[in-house]
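The structure under discussion appears below in the form of structure tokens.
Numbering (the working numbering), first residue to last: 261 to 338.
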């Protein structure tokens, strides 16, 4: 062995050459892409707002009874 090969130190690789770095970066990047895709789909397929005209009300009158609902009686609980 020569003196240069004994003292040679392994060269440090740049950070982008390590596979684990890309595995760590891939999670948040895929979450951002999925979020932006969800917003795009929601905006593209938005439901149309249906605006109903206000119901005609007669002020001072009792509300109409719902179908199939009995009026309360005084004999409840006896």
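Built from N, CA and C at the ideal position, the CB exists for glycine as well.
From a predicted model like this one, the values you see are computed outputs, not experimental measurements.
Close-in-space but distant-in-sequence residues of the same chain around residue i (CB under 6 angstroms, 5 per side omitted)
| i | result |
| --- | --- |
| residue 281 | 275 |
| residue 295 | none |
Through-space distance from residue j to residue i, alpha-carbon basis
| i | j | result |
| --- | --- | --- |
| residue 313 | residue 303 | 26 angstroms |
| residue 273 | residue 285 | 18 angstroms |
| residue 297 | residue 271 | 41 angstroms |
| residue 308 | residue 278 | 49 angstroms |
| residue 292 | residue 300 | 12 angstroms |
| residue 269 | residue 289 | 35 angstroms |
| residue 380 | residue 306 | Since the displayed the chain opens at 261 and closes at 338, residue 380 lies outside it and no answer follows. |
| residue 283 | residue 315 | 58 angstroms |
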